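Here is the structure we will look at.
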Amino acid sequence: MRSASLTSRAYPVFDPRPANLARAVGLAAATVACACASLAVGDAIDALTAGEDVGARLVAALALAALATAAAVLLGAWVPRWAGVSRAMDAAASAARQLLAAPSRAFARHDKGYYVNVLTGSTEVYGTMCADLNVSVLGSGLALAALVAIAAAQDVLLAAMLLAYVPAFALALRLPARRLARLQGEGIPAQDAWLGESKRIVEEKRSINAAAADAFFSTRYRERSAGYLDFVTRYRFNEALIDELPSILSCVLAAAMMAAEVWRCATGAAGAGQVFVAYQIAQLAQAPLSTLLSKLANVRGNRVHAERLGELAAAAEEPSGFEALRRAGDDDDVIARVDGTLWATPERGGEGRRLWETHDLTIRRGELVVLRGANGSGKSMLLDFLRGLSDPDDLDGTAELAPELARAAYLTYPVPVVTGDLECNLLGGTADPEVARVLDVSGFAEKEIDGSTINLSLGERQKLGLLRALSRPEPVVLLDEPLTNLDAATCARLCDYLAGLRGRRTVVAIMHSDDLDAAADQVLRIEGGRLERVR
Amino acid sequence: MRHRTQFPIFELRPSYALIALGSALGTVLAATAALVAGSLVSDVAAGALGTTTAAPALLGYLALSLAAQLATFGLTGWLPQRANLRREVDSSERAIDLVLHMPQRAFVRHEAGHYLNLVNMASFAHGCIVVATSTYVPGAMLSLAAQLVFAALVDPTLAGVLALCALVYVPLSLLPSRAANRLQTRMMPMREAWLDEARRLVEERRAAVAAGAEGFYGRRYRERTESYRRWRRGYLLADTLSTSLPTSSGTLVQVIAVVACALLVATGRTGVGTVIAAWQLAGLLGQPMSFLCEMASVFAANRVNVGLLRELEREAAEPSGFERLRRTSRPCAVPSASTEGAIHA
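Line by line, the protein sequences are chains R and Z.
Mind the numbering: the first sequence is residues 0 to 534 in numbering that gives the first Met the number 0, read in order.
Mind the numbering: the second sequence is residues 0 to 344 in numbering that gives the first Met the number 0, read in order.
The structure is reproduced here in structure tokens:
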């Protein structure tokens with residue numbers, strides 16, 4: 000499967016690089032230090048029983064315990080956590096790049112809440128998964144191996160018991176671990192729905208208040224919350240069970256190991272300290288064993304997040320589908336030729352929405368083309384199609400699109416605004432002085448733009464969008480309702496400017512007025528489901 | 000009259016009280032099991048346990064420790080966690096209602112990312128604080144008291160030693176938690192900026208691609224990510240110290256208790272069994288003490304979230320400003336609305 004293979008390549012969960020191996024060894028060293036401290040205490044107990052001096056032994060035990068504490072905090076806790084966070088941040092940066100690179104038809108497969116969740120949630124979980132598998136699981140395995148070796152040094156029987164305990168324990172954890180993995184996959188939609196609902200309410204608050212729909216959305220949010228709570232409760236219970244099962248089962252191991260050493264004591268083969276050490280090894284084995292299995296279960300349960308990231312990486316590598324249409328036609332003068340029926344989506348029949356049909360729509364280089372039609376008739380969809388920001392399967396028919404259309408300057412909506420000055424709001428571009436004069440953006444010079452309607456009127460926002468689009472050097476300019484919200488004087492200057500572009504740049508403008516008709520080479524109209532040239 | 004907040008930091012509910020009692024019961028059973036293990040070792044050291052008499056003692060220990068672990072899982076672990084989840088979602092629902100009801104002029108003071116942070120992260124942090132103060136803290140204090148009583152039953156000196164050991168946990172936790180709190184407060188704007196940028200990237204993706212501004216958006220997101228990463232590093236270290244040090248220093252505290260008791264054994268005031276009991280009970284101190292110290296750090300680290308939610312509550316209660324413009328009655332002859340004057344941005 001494509002997404003699965005790319006998941007492993009773009010976002011590998013298993014990553015045995017040297018840095019991770021070093022982190023794993025550090026984690027194991029923390030457990031070993033703790034075991035050494037316990038051995039020292041056991042030795043002190045034997046010495047106390049025998050009436051010997053224990054001063055040096057206790058000092059050694061104290062030093063080892065202090066070392067074990069430092070190792071547990073830094074190597075056992077901090078290093079894996081930071082490894083996970085660092086990886087998550089790297090993944091977030093990659094995912095953002097891929098999101099921007101993905102073609103529109105791939106982006107349209109999910110709603111926006113899904114992508115916000117991928118960028119902020121899935122990347123975080125992915126980072127944790129990587130740290131879990133490559134540091135915690137590996138380190139815990141090494142710690143267990145070290146404990147088996149220490150147990151064997153005390154009594155081979157203890158080591159055998161510990162080794163036998165591991166598979167028995169893993170078997171006991173299989174059921175909750177499987178359930179956890181299943182729940183994770185099932186619960187993601189509930190989580191998405193809940194997060195998506197909060198996002199919708201925050202972003203559409205004004206409209207919700209205007210529609211007096213507060214109660215409706217409040218109730219809906221509670222329904223989504225209930226769904227999420229139901230999922231997360233079941234998920235966390237299984238997670239807690241996996242976390243605690245080691246401690247519960249460790250009682251059996253501790254009793255068995257203590258019994259073995261009690262028997263040895265009774266036969267004079269060991270001291271009371273050995274019983275203590277057996278008990279301690281059984282206790283110390285729990286943390287790495289528990290970590291190993293629970294982290295493995297977490298990795299398995301959270302695989303869906305890595306798959307989501309893999310899917311995004313795959314989407315970024317997908318062709319947009321327009322490549323086949325962007326080829327030089329017979330006529331070098333033609334920039335676009337469309338013949339057929341355009342649909343709103345690739346769905347057909349009852350699921351689909353037919354927009355219009357056209358026969359031999361031809362746009363030539365240097366033309367000024369005006370496109371008219373009622374709201375929702377499919378004008379913007381034509382511009383999206385020309386620019387390659389939709390799905391080529393939306394068209395039933397044939398099309399030839401010049402390669403420069405793929406980079407056409409395009410005024411579309413919403414016009415994004417970032418907090419900062421005008422230069423910052425050119426989004427990496429530079430303003431053309433002539434365009435700036437036409438649009439009269441002198442009011443922006445000293446302005447700190449923050450995107451709120453108080454700070455920036457709709458007309459100013461429109462000017463910003465036009466300044467960006469028209470300042471770009473591309474030979475093709477697509478303008479979706481360029482006169483929207485502009486004052487009369489600016490409209491007039493802009494129309495003169497656009498008329499002046501004829502012969503130098505190709506301009507396709509969606510209009511609701513006849514301001515550009517006189518200067519246009521072609522006027523197209525969508526009416527009654529047909530796109531036709533009317534002049 | 001003082002306004003009663005929807006976001007208190009402590010709630011007195013019967014269910015929370017029962018959870019706290021259950022949590023203490025789990026610790027009592029664990030302490031009993033620990034003492035039995037200690038007496039087993041003590042008997043072995045004294046040569047009082049033979050191969051035949053050991054079996055029933057070990058089986059008894061097994062049954063008791065199993066019961067203790069099950070109680071720890073169910074009563075100390077799961078029930079408070081379930082209460083936590085419910086309270087987190089409850090806080091989130093309260094926050095979303097406030098967002099819905101707040102006047103527009105108050106709403107526009109912050110970006111959407113701020114509100115998303117409130118209804119998701121801050122609400123969860125608040126739920127966590129409420130359950131911590133209302134169940135974890137009382138439960139941990141009861142557990143601690145129970146352990147000291149158990150220790151006193153074995154040897155009053157042991158209770159004193161354990162009380163001193165418990166105090167060791169306090170500075171170990173509080174010092175890093177202060178740093179974590181300070182860093183988290185300073186990190187919040189970076190986190191919000193990062194979340195906001197992610198939201199912007201998704202929302203404006205089409206417009207960004209249409210404007211050929213993919214590079215600009217990608218660079219901005221990377222900058223926000225790097226800034227957030229730098230702050231997270233420092234915060235994570237402080238947070239790890241405050242959450243892990245109390246539990247990780249368990250062995251150190253146990254050894255300190257053993258050293259103290261070994262001195263008593265050396266002076267002939269008590270037997271070897273007390274050393275084992277000291278080790279076991281000092282080990283159990285870690286759980287309630289880490290709850291208590293964690294509470295201090297959880298509270299300190301998340302206080303800012305409670306503050307943000309209360310600010311939301313205040314802003315939601317603000318008048319919209321239109322009240323004085325709305326007439327209670329109007330003559331039929333006048334229009335629905337009339338405006339005179341200058342409008343400012």
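Backbone N, C-alpha and C fix where the C-beta goes; we use that ideal spot for every residue, glycine too.
Please read all numbers here as calculations on a predicted model, not as lab measurements.
Sequence-distant Cβ neighbours of A178 of chain Z in its own chain, meaning closer than 6 Å and more than five residues away, are A237. Assignment of L515 of chain R by DSSP, reduced to helix, strand and coil, places it in the coil class.
For the pair V53 of chain R and A261 of chain Z, the CB atoms are nearer than the 7 Å cut-off.
In terms of beta-carbon proximity, V264 of chain Z lines the interface with chain R, with at least one pair separated by less than 7 Å. Contact between the segment 190-203 of chain Z and the segment 244-262 of chain Z is not established, with fewer than three Cβ pairs separated by less than 8 Å. Inclusion of E366 of chain R and V475 of chain R in the CB contact set at 7 Å is not warranted, their separation being larger than that value. Z:A276 is the residue among Z:A276, Z:S22, Z:A210, Z:L11 whose C-alpha sits nearest the C-alpha of L152 of chain Z. With respect to chain Z, the C-beta atom of C423 of chain R has no partner C-beta closer than 7 Å. Taking the Cα of S14 of chain Z as reference, the smallest distance to any Cα among Z:N83, Z:M294, Z:A162 is reached at Z:N83. As for any alpha helix (DSSP H) of minimum length 4 sitting wholly inside the segment 379-458 of chain R, the runs are 432-438, ordered along the chain.
Contact annotation: the segment 3-23 of chain Z touches the segment 297-311 of chain Z, with at least three C-beta pairs closer than 8 Å.
Taking C-alpha positions only, W230 of chain Z is separated from A209 of chain R by approximately 40 Å. Taking every protein chain shown into account, the CB of V155 of chain R has fewer than 16 other CB atoms within 10 angstroms, so this residue is exposed. Non-local C-beta neighbours of L463 of chain R in its own chain, meaning closer than 7 Å and more than five positions away in sequence, comprise V414, V416, N424, ordered along the chain. When the beta-carbon positions are compared, E480 of chain R and A408 of chain R stay at least 7 Å from each other.
Excluding its 5 nearest sequence neighbours in each direction, N301 of chain Z has C-beta neighbours in its own chain below 6 Å: A124, I128, listed in chain order. Closest by C-alpha distance to T127 of chain R, out of R:A92, R:F168, R:V298, is R:V298. Secondary structure at H113 of chain Z: helix, using DSSP grouped into helix, strand and coil. Per DSSP, the unbroken alpha helix (DSSP H) holding I149 of chain R starts and ends at 137-153. Taking the Cα positions, A94 of chain R is about 36 Å away from P102 of chain Z.
Take V271 of chain Z, set aside five residues on each side of it, and the residues of its chain with a beta-carbon closer than 7 Å to its own are S41, A44, V264, in chain order. Non-local beta-carbon contacts of L252 of chain R in its own chain, meaning distances under 6 Å to residues more than five positions away in sequence, involve Y164, A281 in chain order. When DSSP states are grouped into helix, strand and coil, H109 of chain R belongs to the coil group. For L20 of chain Z against L141 of chain Z, the beta-carbon gap comes to about 7 Å, under 8 Å, which counts as contact. Inter-segment contact for the segment 55-73 of chain R and the segment 61-76 of chain Z is absent: fewer than three beta-carbon pairs are separated by less than 8 Å. Restricting attention to R:A91, R:E399, R:H109, R:P15, the CA atom closest to the CA of V124 of chain R is found in R:A91. In this structure A468 of chain R touches L410 of chain R by the C-beta definition: roughly 4 Å separates them, less than 8 Å.
For V169 of chain Z, the closest of Z:S243, Z:M187, Z:R190, Z:L157 by C-alpha to C-alpha distance is Z:S243. Taking the Cα positions, D14 of chain R is about 25 Å away from L146 of chain R. Residues are counted here when their Cβ sits less than 7 Å from a Cβ of chain Z; for the segment 506-531 of chain R the count is zero. Counting only the Cα atoms, V78 of chain R lies some 30 Å from R198 of chain Z. Around C250 of chain R, the beta-carbon contacts reaching into chain Z at under 7 Å are L61, S64, L65, Q68. Taking a beta-carbon distance threshold of 7 Å, L118 of chain R counts as an interface residue toward chain Z.
Assigned with DSSP and collapsed to three states, D42 of chain R falls in helix. From the beta-carbon of D154 of chain Z, no residue of chain R is found nearer than 8 Å; the closest lies around 15 Å away.
Using a Cβ-Cβ cut-off of 7 Å, V84 of chain R counts as an interface residue toward chain Z, since at least one Cβ of chain Z sits closer than that to its own.
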